[in-house]
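Student: Next up is a structure, given as structure tokens.
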Ligand SMILES: Cc1ncc(COP(=O)(O)O)c(C=O)c1O
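In the numbering used here, the protein residues as written are 4 to 389.
Here is the structure:
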């Protein structure tokens, strides 16, 4: 039996090992570890890659979100629209500032924020919206901008899972007042520890974020604002700078794996695409790349008829890594009991939490590995034993 991990960082990192070692030594010998030209060079390359005016390296994706909210002056009493189905940090950053999340339901096909529900829930205290390009699938960037402008909201894109994803040619992280991404090792541009990036096109907003990144300090030891230490380590910047040019290749390989799953599985009984009008009898729904430029941070199935946990056990028995991202919608998290509003209308988020299962999609998946995953899904859909 072949083992298929959900993610294997080894092959990708080994392929550039000698370059990383050289960069590590350069940083080591420079004795400069915080800020400076090496970071600025990485930020410039990121800005060019994303088609934005400003990019700031920061300590994590979570801090990127927090910093963006702080730079926009989001505070106690303000509300922020965000999807109820996402990673914790999206809402955690809002609540840490004393602001209130408005739990917006998600679309069952894209898994992204449902703007019709957002329109129902926007209120007089709502100051910002923080959509997430979940699993690497870009939201409709034009629709986000139109919505934010119509309701006079700040737009912060949580692009932690979508570095390199585009909507009709435009990069995620370039449509809002701020974009935020993560270089957590499992992300499409995965670092060597924690770090992240904030993007902006507005000079004044970018400057404010820059000041808040270093404790609100400007000039040195003079503080007009309370910021924090949101700096990115130079070592991360140096290593990620070497990896950045390879990101399109990595994303392409992920897309190749997604294509393989589609081609291999779609004519099989019990399998359909997760799109409107999908066969209600199907057991497994495969995700669709609605932007047609997807980068597949995750390849996330919907497993219907209460069979999700059975499929998880089936794949685990066959030594295939899989994971439930995410088992609990945010408004149901214990720490958010009584926090925010809108939770009574987030039924799709609850349904997805009970149905989703992510399977291996990492770029270096071998032919044999992805075939074993596909065969196993076929076997499950056909009711064959593990
Ligand atoms: C949607 C989303 N937002 C924010 C974050 C936070 O990023 P980090 O782990 O770098 O703090 C993550 C990371 O998993 C994420 O998936």
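Here a beta-carbon is modelled for each residue, glycine too, at the ideal position from N, C-alpha and C.
Compare the beta carbon distance of residue 63 and residue 179 with 7 Å and say whether it is the shorter of the two.
Tutor: No, Cβ-Cβ distance for residue 63 and residue 179 is not below 7 Å.
Student: Nearer than 6 Å: is that true of the beta carbon of residue 135 relative to any heavy atom of ligand 3?
Tutor: This structure does not include ligand 3; its bound ligands are ligand 1.
Student: Does the distance between the C-beta of residue 339 and the nearest non-hydrogen atom of ligand 1 fall short of 6 Å?
Tutor: Result no, Cβ not under 6 Å from ligand 1.
Student: Can you list, in chain order, the residues of its chain with a C-beta nearer than 7 Å to that of residue 334? Leave out the 5 residues immediately preceding and following it.
Tutor: Taken in chain order, the residues that qualify are 87, 106, 343, 346, 349.
Student: Less than 6 Å separating the Cβ of residue 164 from some heavy atom of ligand 1?
Tutor: Flag set: Cβ of residue 164 near ligand 1.
Student: Hey, is residue 324 close to ligand 1, as in C-beta under 6 Å from one of its heavy atoms?
Tutor: Not so, every heavy atom of ligand 1 lies at least 6 Å from the Cβ.
Student: Taking 8 Å as the limit between beta carbons, can you name the residues of its chain near residue 43, skipping five residues before and five after?
Tutor: Around residue 43: no qualifying Cβ.
Student: Between the stretch 64 to 84 and the stretch 94 to 114, can you find at least three pairs of beta-carbon atoms closer than 8 Å?
Tutor: Touching, per the Cβ criterion.
Student: Taking 8 Å as the cut-off, does the stretch 49 to 64 touch the stretch 285 to 305 (at least 3 CB pairs, one atom from each stretch)?
Tutor: No, the stretch 285 to 305 is not in contact with the stretch 49 to 64.
Student: Taking the CB atoms as reference points, tell me whether residue 297 and residue 145 lie closer together than 7 Å.
Tutor: No, the pair does not count as a contact, with Cβ atoms beyond the cut-off.
Student: Three-state secondary structure (DSSP) at residue 235?
Tutor: Note: residue 235 maps to coil in three-state DSSP.
Student: Between residue 95 and ligand 1, is there a pair consisting of the residue's CB and a ligand heavy atom that are separated by less than 6 Å?
Tutor: No, ligand 1 has no heavy atom inside 6 Å of this Cβ.
Student: Taking 6 Å as the line, does the beta carbon of residue 199 fall inside it for any heavy atom of ligand 1?
Tutor: Indeed, a heavy atom of ligand 1 lies less than 6 Å from the Cβ.
Student: Residue ranges of each beta strand (DSSP E) run of no fewer than 3 residues wholly in the stretch 114 to 202, ordered along the chain?
Tutor: Runs found: 129 to 132, 157 to 161, 181 to 185.
Student: Taking only beta-carbon atoms, is residue 364 less than 7 Å away from chain C?
Tutor: The structure shown contains no chain C; it holds only a single protein chain.
Student: Could you give the residue range of the beta strand (DSSP E) that holds residue 106?
Tutor: Segment 103 to 107, the beta strand (DSSP E) holding residue 106.
Student: Need the endpoints of the alpha helix (DSSP H) that residue 32 sits in, please.
Tutor: Counting along the chain, the alpha helix (DSSP H) containing residue 32 begins and ends at 20 to 33.
Student: With respect to 6 Å, is the separation between the Cβ of residue 65 and the closest non-hydrogen atom of ligand 1 below this value?
Tutor: Within the cutoff, so yes.
Student: From this set, 309, 371, 311, 268, which residue's C-alpha is nearest residue 381's C-alpha?
Tutor: Ranking the options by Cα distance to residue 381, first place goes to 268.
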